[in-house]
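**Student:**
Numbering (our numbering), first residue to last: 906 to 1121.
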């Protein structure tokens, strides 16, 4: 089995949390819907990327568009969990859009292998994840091991930290060998598999939505 086929299989491990999300969608709390949509969007993008690589030999355009949508959905998810400071989320959404335009329109072309926005949004998601985890540690009285928000944010922290690290090597020409660069990106592929496993567990831990009952 060649390395490229292994990468395809690793990236499509997202199908597991996607299926669990379909099964649990009607019962989970509405505040987790953006995360479920994020998982489904990830599966769609991975499938589309595979088709485009085999047809036009490039998935750069859809990947560059996907990371912007992914970033915005993650911001919506953090807002749903906090329901406060909406101006902060608007600010980071607009800032992210400006960075994306600069990276994919002004500095580079949208069909290029661009990393500036990926580095930027990885750091922003890590920042919000740390902030959310700190709130849980302070205010949550129950075990965090089965807390869906803790599992998701902890995974965000690990995955997007790895992503920022890997994209730095892609953004700058450090004169490293192709073998070394492939090894670096393998870190991200395995981090992706780990993330999808924890996402699956997190979706199973998402609390059910509260049924509305009439007072008597």
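Where a beta carbon is used, it is the ideal one built from N, C-alpha and C, also for glycine.
Where residue 1113 and residue 929 are concerned, what is the direct C-alpha to C-alpha distance, given to the nearest angstrom?
**Tutor:** Against the chain shown, residue 1113 aligns to sequence position 208. Against the chain shown, residue 929 aligns to sequence position 24. Cα-Cα distance, rounded: 9 Å.
**Student:** Per DSSP, which residues does residue 933 bridge with? Please list them.
**Tutor:** To locate residue 933, count along the chain shown from 1; it is residue 28. Paired residue(s): 1113.
**Student:** Less than 8 Å between the C-beta atoms of residue 1060 and residue 1103, yes or no?
**Tutor:** Within the chain shown, numbered from 1, the residue matching residue 1060 stands at position 155. Within the chain shown, numbered from 1, the residue matching residue 1103 stands at position 198. Yes. Within cutoff.
**Student:** Return the CA-CA distance between residue 938 and residue 1095, expressed in angstroms with no decimal places.
**Tutor:** If you number the chain shown from 1, residue 938 lands on position 33. If you number the chain shown from 1, residue 1095 lands on position 190. Taking the straight line from one Cα to the other gives about 26 Å.
**Student:** Got a sec, what are the start and stop residues for the alpha helix (DSSP H) residue 1028 sits in?
**Tutor:** Stepping through the chain shown from its first residue, residue 1028 is reached at position 123. From DSSP, the alpha helix (DSSP H) with residue 1028 extends over 1021-1044.
**Student:** Do you know how far the Cα of residue 1052 is from the Cα of residue 1043?
**Tutor:** The sequence position of residue 1043 within the chain shown is 138, counting from 1. The sequence position of residue 1052 within the chain shown is 147, counting from 1. Rounded to whole angstroms, residue 1043 to residue 1052 spans 14 Å at the Cα level.
**Student:** Over what stretch of residues does the alpha helix (DSSP H) that includes residue 958 continue unbroken?
**Tutor:** Your numbering for residue 958 matches position 53 in the chain shown. Taken as a continuous stretch (DSSP letters only), the alpha helix (DSSP H) holding residue 958 covers 938-960.
**Student:** What residue from 1054, 1024, 962 has the CA that sits closest to residue 1038's CA?
**Tutor:** By 1-based counting over the chain shown, the position of residue 1038 is 133. The shortest Cα separation from residue 1038 among 1054, 1024, 962 belongs to 1054.
**Student:** Hey, out of 985, 976, 983, whose CA is closest to residue 1000's CA?
**Tutor:** Here residue 1000 refers to the residue found at position 95 when the chain shown is read from its first residue. It is 976 whose Cα lies nearest to the Cα of residue 1000.
**Student:** Quick check on the burial criterion: 16 or more other C-beta atoms within 10 angstroms. Buried or exposed for residue 1064?
**Tutor:** Position 159 of the chain shown holds residue 1064. When all chains shown are included, residue 1064 counts as buried.
**Student:** Using CA coordinates, which residue listed in 1022, 1011, 1033 is at the minimum distance from residue 1073?
**Tutor:** Against the chain shown, residue 1073 aligns to sequence position 168. The shortest Cα separation from residue 1073 among 1022, 1011, 1033 belongs to 1022.
**Student:** To the nearest angstrom, how far is the alpha carbon of residue 920 from that of residue 955?
**Tutor:** On the chain shown, residue 920 is found 15 positions in, with the first residue counted as 1. On the chain shown, residue 955 is found 50 positions in, with the first residue counted as 1. For residue 920 and residue 955, the distance between alpha carbons rounds to 14 Å.
**Student:** Near residue 982, what residues of its chain come up, given a Cβ to Cβ distance below 6 Å and the 5 sequence neighbours on each side ignored?
**Tutor:** Mapped onto the chain shown, residue 982 falls at position 77. Cβ within range, chain order: 939, 940.
**Student:** Using only alpha-carbon positions, find the residue among 1041, 1067, 1105, 953 that is nearest to residue 971.
**Tutor:** Taking the chain shown and counting its residues from 1, one reaches residue 971 at position 66. Comparing Cα-Cα distances from residue 971 to each of 1041, 1067, 1105, 953, the minimum goes to 953.
**Student:** Given this structure, state the Cα-to-Cα distance separating residue 990 from residue 934, to the nearest angstrom.
**Tutor:** Indexing the chain shown from 1 puts residue 990 at position 85. Indexing the chain shown from 1 puts residue 934 at position 29. Residue 990 and residue 934: Cα-Cα distance of roughly 21 Å.
**Student:** Could you tell me whether the Cβ atoms of residue 969 and residue 912 are closer together than 8 Å?
**Tutor:** If you number the chain shown from 1, residue 969 lands on position 64. If you number the chain shown from 1, residue 912 lands on position 7. No, these two residues do not count as a Cβ contact at 8 Å.
**Student:** Taking the alpha-carbon positions, what's the residue 942 to residue 979 distance?
**Tutor:** Along the chain shown, read from residue 1 onward, the residue named residue 942 stands at position 37. Along the chain shown, read from residue 1 onward, the residue named residue 979 stands at position 74. Straight-line Cα distance between these residues: approximately 10 Å.
**Student:** In angstroms with no decimal places, state the Cα-to-Cα distance between residue 1091 and residue 1105.
**Tutor:** Locating residue 1091 in the chain shown gives position 186, counting from the first residue. Locating residue 1105 in the chain shown gives position 200, counting from the first residue. Cα to Cα, residue 1091 sits roughly 21 Å from residue 1105.
**Student:** How should residue 1083 be labelled, buried or exposed, when 16 other C-beta atoms within 10 angstroms of its C-beta is the threshold for buried?
**Tutor:** Translated into positions along the chain shown, residue 1083 becomes position 178. With fewer than 16 Cβ atoms within 10 Å of its Cβ, residue 1083 is classed as exposed.
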